[in-house]
Amino acid sequence: AIGGFHAVSREPQPQPEAQGVTRLTTAVAEGNGLNPTFDETFHCLAAEPHQTILRVVVEDEGRLVAYETAVLGSLRCGYRCLHLRSPSGTRIDSCCLLLHISIGSEPNTFGTVEELRSMVQSQRSLISQQSRD
């Protein structure tokens, strides 16, 4: 996931130290490249889902094979087929990833309002510093 306050985790309620984790990796599908089944659950907690982008990447030995991106807030609940693209950005025929999307709301478990404001201010400072470099 990219953008806003977010955390990607295997647990329904990620721990505060997971905030900002942007990458999780599934197990390798050995010998089943045409129809792999992963049967794994990922939770993407985002404070601003309409400004958070989910990027799904398929790699083979560290080499990009396919990818797709979607705005987290635009994904509807239920089973969805995410059509994958080649590294050049063109859609790959008959290449998709079946996802089950469920949307819920979580209470703020990351801290007090003052702590969140402090985190926002530090992120703004970091972004402005990176844009100057």
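Sequential numbering of the sequence shown, starting at 594, is according to my numbering. Positions of the beta carbon are idealized from the N, C-alpha and C atoms, including for glycine.
Could you tell me whether the Cβ atoms of residue i and residue j are closer together than 8 angstroms?
i: C637; j: L677; result: no
i: L690; j: V658; result: no
i: F631; j: L617; result: no
i: I694; j: R669; result: yes
i: L675; j: E654; result: no
i: R673; j: L692; result: yes
Please state whether DSSP places residue i in a helix, a strand or coil.
i: I696; result: coil
i: R616; result: coil
i: L668; result: coil
i: L638; result: strand
i: L719; result: helix
i: V621; result: coil
i: L627; result: coil
i: E728; result: Look at the range of the chain in this structure, 594 to 726, and you will see that residue 728 is not part of it.
When the cut-off is 8 angstroms and only beta carbons count, does residue i lie next to chain C?
i: H693; result: Looking at the structure shown, chain C is missing, and only one protein chain is on hand.
According to DSSP, which residues form a beta bridge with residue i?
i: L690; result: L675
i: E654; result: Its beta-bridge partners do not exist; DSSP assigns none.
i: V649; result: E661
i: R684; result: R678
Would you tell me roughly how many angstroms separate the C-alpha atoms of residue i and residue j, rounded to the nearest one?
i: S680; j: E652; result: Just to set this straight, residue 680 is Pro in the shown sequence, not Ser. In a straight line, the C-alpha of P680 is about 10 angstroms away from that of E652.
i: A640; j: R717; result: 16 angstroms
i: T683; j: T705; result: 44 angstroms
i: L719; j: E708; result: 16 angstroms
i: T619; j: M712; result: 30 angstroms
i: I646; j: I696; result: 15 angstroms
i: I685; j: P642; result: 27 angstroms
i: A622; j: P629; result: 6 angstroms
i: Q714; j: S667; result: 27 angstroms
i: D726; j: S687; result: 42 angstroms
i: Q644; j: A663; result: 10 angstroms
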